[in-house]
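Visitor: Reading the sequence shown from the start, the letters are residues 2 to 388 in our numbering. Here you go, one structure.
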Amino acid sequence: MNTNGWGYGADQTLTTATILNYSYPAGGETAIPPTVPTITTQAATNVATSTVTLNGTLTAEGGASSTISGFDYGLTDAYGTEATSTYNAGVGTFLENITSLTPNTTYHFRAKAKNSAGWGYGSDTTLTTISTSTLTTNAATDLAATTATLNGTLTDEGHSSSTIVGFQYGLTDSYGSEATSTYSGGTGAFSKGITGLTASTLYHFKAEAKNSAGWGYGSDATLTTNAPPAPQTGYVDPSSDVSVTWTSGAPADPTTHYTRVDDGIRQPNACDEANWNGVASNTGGIDTFGMTNIEGIATATNITIWVNGTLVAGTVPIYGYTNLTGATTKTAFGFAAFTKAWKSVSFNGTWTQADIDSLQVSVEMGNTGGSVSMTAYGVYAVITYTQ
Numbered sequence: 002m003n004t005n006g007w008g009y010g011a012d013q014t015l016t017t018a019t020i021l022n023y024s025y026p027a028g029g030e031t032a033i034p035p036t037v038p039t040i041t042t043q044a045a046t047n048v049a050t051s052t053v054t055l056n057g058t059l060t061a062e063g064g065a066s067s068t069i070s071g072f073d074y075g076l077t078d079a080y081g082t083e084a085t086s087t088y089n090a091g092v093g094t095f096l097e098n099i100t101s102l103t104p105n106t107t108y109h110f111r112a113k114a115k116n117s118a119g120w121g122y123g124s125d126t127t128l129t130t131i132s133t134s135t136l137t138t139n140a141a142t143d144l145a146a147t148t149a150t151l152n153g154t155l156t157d158e159g160h161s162s163s164t165i166v167g168f169q170y171g172l173t174d175s176y177g178s179e180a181t182s183t184y185s186g187g188t189g190a191f192s193k194g195i196t197g198l199t200a201s202t203l204y205h206f207k208a209e210a211k212n213s214a215g216w217g218y219g220s221d222a223t224l225t226t227n228a229p230p231a232p233q234t235g236y237v238d239p240s241s242d243v244s245v246t247w248t249s250g251a252p253a254d255p256t257t258h259y260t261r262v263d264d265g266i267r268q269p270n271a272c273d274e275a276n277w278n279g280v281a282s283n284t285g286g287i288d289t290f291g292m293t294n295i296e297g298i299a300t301a302t303n304i305t306i307w308v309n310g311t312l313v314a315g316t317v318p319i320y321g322y323t324n325l326t327g328a329t330t331k332t333a334f335g336f337a338a339f340t341k342a343w344k345s346v347s348f349n350g351t352w353t354q355a356d357i358d359s360l361q362v363s364v365e366m367g368n369t370g371g372s373v374s375m376t377a378y379g380v381y382a383v384i385t386y387t388q
């Protein structure tokens with residue numbers, strides 16, 4: 002500058018140094034600038050449906066203390082969301098708890114920390130949030146009047162092993178009943194047998210499975226139980242080991258009064274009269290015979306004993322009875338003297354297959370004195386039952 006004003010030189014440039022917190026080695030060596038932190042991204046923990054814990058390790062601070070640590074995360078390795086905290090712990094682990102994630106979704110994340118030199122980053126890593134299991138409710142099978150098999154398929158466990166599978170079922174899609182089983186995990190089909198249903202009834206049901214995220218459900222399905230089984234009949238004929246018990250006045254040769262009955266001759270057919278020797282007067286003869294072979298009984302409700310014969314003389318009653326509870330009372334057939342006919346006595350009750358397997362049917366001639374006898378030509382019993 003002079004009396005005429007300012008004069009200027011040519012324009013020049015400079016760049017200021019970015020060196021902060023230099024490290025000054027002993028002995029006067031040249032100062033070393035800090036570098037960004039060295040970071041390792043660790044596996045995520047506590048993975049749930051919408052929350053997770055992200056983990057990282059600061060393995061080297063780079064010559065300057067780190068002041069911030071945290072994570073970038075998002076649906077791609079471009080991330081888009083950040084979670085950070087103030088940091089003053091030196092090398093070591095750090096974490097952030099993340100919320101508001103979407104179930105059953107894969108996320109990218111990386112650990113990071115910042116010192117005076119800038120941000121250091123760990124490698125890109127992924128996690129998948131869990132969800133409830135995905136299921137398909139399949140058609141019911143093995144339908145009967147009071148039972149059915151419910152079927153389902155676990156198609157996706159939601160990245161968490163299922164521990165229970167089963168079904169909800171009931172008269173509406175509100176269900177009300179449940180049948181479950183312990184499950185060892187893995188996708189695939191499963192079934193559950195259901196009992197105690199009502200015949201000819203519409204039921205709703207849906208498959209279900211439980212993992213650490215909770216219960217997952219299949220869609221609602223329906224079944225209709227079968228109509229009640231129609232009553233069936235089975236025949237009990239005297240077997241080859243029919244026995245006769247003489248209660249009094251036994252003849253010298255009991256075999257002459259053995260009751261030989263034609264198998265398969267049933268009311269209203271006529272019987273072969275030559276095949277019966279008759280029960281002598283005043284003997285009180287009892288013919289007892291057991292089951293032949295009726296299988297598949299769920300419940301038996303009636304036993305009817307039929308006898309074809311003639312009361313030769315007198316008015317001595319002929320009784321029929323069984324050894325089963327509810328059918329042990331002796332009941333007279335109501336034969337009339339000198340009139341050949343089929344007569345029956347009937348017993349009602351509730352019996353199982355085991356009861357019928359041990360069934361014994363008895364026909365007994367009363368013993369009230371006098372000269373009487375009974376001639377019979379056929380005898381059998383009828384069982385009414387459902388399967």
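Backbone N, C-alpha and C fix where the C-beta goes; we use that ideal spot for every residue, glycine too.
Buried or exposed: which applies to GLY194, given that a residue is buried once 16 or more other Cβ atoms fall within 10 Å of its Cβ?
Guide: So GLY194 counts as exposed.
Visitor: What's the gap between the Cα of GLU365 and the Cα of LEU151?
Guide: Going from the Cα of GLU365 to the Cα of LEU151 covers about 52 angstroms.
Visitor: How is GLN169 classed by DSSP in three states: helix, strand or coil?
Guide: Reduced to three states, the DSSP call for GLN169 is strand.
Visitor: I need the DSSP call for THR358, collapsed to helix, strand or coil.
Guide: Here residue 358 is Asp; the residue named in the question, Thr, does not match the sequence. ASP358: helix per DSSP, three-state reduction.
Visitor: Report yes if the C-beta distance between TYR381 and TRP307 is below 7 angstroms; otherwise report no.
Guide: Yes, the pair counts as a contact, with Cβ atoms nearer than the cut-off.
Visitor: Given a cut-off of 7 angstroms, decide if GLY119 and VAL37 are closer than it, judged by their beta-carbon atoms.
Guide: Yes, they are a contact pair.
Visitor: Does the region 89-108 touch the region 168-179, meaning 3 or more C-beta pairs lie closer than 8 angstroms?
Guide: Taking 8 angstroms as the limit for Cβ pairs, the verdict is that the region 89-108 does not touch the region 168-179.
Visitor: Which runs of the beta strand (DSSP E), 3 residues or longer, sit entirely within the region 60-90?
Guide: With a minimum length of 3 residues, the continuous beta strand (DSSP E) runs that stay inside the region 60-90 are 69-75 and 82-87.
Visitor: Among THR353, THR107 and ASP221, whose alpha-carbon lies nearest the alpha-carbon of PHE206?
Guide: If we check each option's Cα against that of PHE206, ASP221 comes out closest.
Visitor: Just to confirm my understanding: we take GLN388, look at its own chain, exclude 5 residues before and 5 after, and list those with CB closer than 8 angstroms. What are they?
Guide: So the list reads PRO230, GLN233, GLY297, ILE298 and ALA299, once near-sequence residues are dropped.
Visitor: What are the start and end residues of the beta strand (DSSP E) that includes THR343?
Guide: Checking the sequence shown, residue 343 turns out to be Trp, not Thr. Run containing TRP343: 342-352, per the beta strand (DSSP E) assignment.
Visitor: Would you kindly work out how many angstroms separate the C-alpha atoms of ALA18 and SER117, rounded to a whole number?
Guide: With a pLDDT of only 41 at ALA18, under the threshold of 50, the placement of this residue in the model should not be trusted, and no figure is reported.
Visitor: For the beta strand (DSSP E) that ASN212 lies in, which residues bound it at each end?
Guide: Its beta strand (DSSP E) spans residues 203-212.
Visitor: Just to confirm my understanding: we take ASP157, look at its own chain, exclude 5 residues before and 5 after, and list those with CB closer than 6 angstroms. What are they?
Guide: Only THR135 meet the Cβ criterion.
Visitor: Just the Cα atoms here: how many angstroms apart are GLY197 and TYR74?
Guide: Roughly 53 angstroms between the two C-alpha positions.
Visitor: Work out the CA separation of ILE304 and THR353 for me, nearest whole Å.
Guide: Approximately 12 angstroms between the Cα atoms of the pair.
Visitor: Helix, strand or coil for LYS115 per DSSP?
Guide: Of the three classes helix, strand and coil, the one that applies to LYS115 here is strand, per DSSP.
Visitor: Decide yes or no for the touch test of the region 39-47 against the region 55-66: beta carbon pairs closer than 8 angstroms, at least 3 of them.
Guide: Yes, since at least three Cβ pairs between the region 39-47 and the region 55-66 fall closer than 8 angstroms, the two stretches touch.
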